[in-house]
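Following: one structure in structure tokens, then a few remarks.
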Amino acid sequence: MKPSSLQENREAAATELGYVFTFLLGVLLLTMFSLWIYDIETATRERWNEEAIDANMNDLSAAIERTDVASRIDNSSYAERVYWRATEADESQFTLELTDTSLILYDEQGELGTERSLSGTASAPHSGLINLAGVESIWVVYHNGMISIELDRPMF
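Residues 1 to 156 in the numbering used here are what the sequence shown spells out, letter by letter.
Shown next, in the form of structure tokens:
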């Protein structure tokens with residue numbers, strides 16, 4: 001039997017170092033790819049939120065303008081339901097306010113707040129303040145000489 005002895009083998013050591021560096025390069029590339037994909041996903045989500053809020057505000061302001069027209073008819077009442085598109089933003093931080101000349105969305109985080117100007121041609125004052133947490137639809141109502149935004153279906 002031949003006794004075993006340790007040998008210096010530089011080729012095997014170089015191969016092992018190559019494996020280690022290849023593994024580390026793979027980890028680096030996967031990490032960079034993961035960060036890149038995360039940035040793309042975040043930007044897409046933010047764009048979708050902005051577009052959904054923009055569409056919601058346009059639909060709501062159009063309904064308010066139609067309610068303004070209805071308010072000029074004597075002895076009338078009018079109600080229109082506007083569906084609120086869901087967003088991935090924290091809607092419990094959103095507050096919607098209706099004034100005589102504008103529709104304002106306040107975002108407590110300050111990123112998605114926006115405002116729409118209204119014509120203000122109604123014969124009635126505008127009012128309303130709604131927290132949008134869990135809201136699926138908003139009612140635009142003209143009743144008793146007042147235009148308002150409400151969460152509940154009007155009963156008149």
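Each residue gets a CB set at the ideal place from its N, CA and C atoms; glycine is no exception.
The model shown is predicted, which means the values in this text are computed figures rather than measured ones.
{"query": "C-alpha distance - S127 paired with M146, whole-angstrom precision", "result": "8 angstroms"}
{"query": "Distance between Y38 and I131 (C-alpha atoms, nearest Å)", "result": "In the sequence under discussion, the amino acid at residue 131 is Asn, which differs from the Ile named in the question. Spanning the two alpha carbons is a distance of roughly 31 angstroms."}
{"query": "Proximity below 7 angstroms, CB of S123 to CB of R72", "result": "yes"}
{"query": "Residues near V135 in its chain [Cβ-Cβ closer than 6 angstroms; skip 5 each side]", "result": "W84"}
{"query": "Touching by the beta-carbon criterion (3+ pairs, under 8 angstroms), the stretch 31-45 and the stretch 97-108", "result": "no"}
{"query": "Buried or exposed (CB count within 10 angstroms, at least 16 for buried), D90", "result": "exposed"}
{"query": "Contiguous alpha helix (DSSP H) assignments of at least 4 residues, all confined to the stretch 109-154", "result": "none"}
{"query": "F94, enclosing beta strand (DSSP E) - first and last residue", "result": "94-98"}
{"query": "Simplified DSSP state of D68, which is helix, strand or coil", "result": "helix"}
{"query": "CB-CB length for L112 against N49, believed under 8 angstroms", "result": "6 angstroms"}
{"query": "Same chain, Cβ closer than 7 angstroms to T87, five either side skipped, listed in chain order", "result": "N49, A52, I53"}
{"query": "Buried versus exposed call for V141 [16 or more other C-beta atoms within 10 Å across all chains shown]", "result": "buried"}
{"query": "Supposed contact pair T114 and M155 - C-beta distance, whole angstroms, cut 8 angstroms", "result": "No, M155 and T114 are not in contact; Cβ-Cβ is about 31 angstroms, not under 8 angstroms."}
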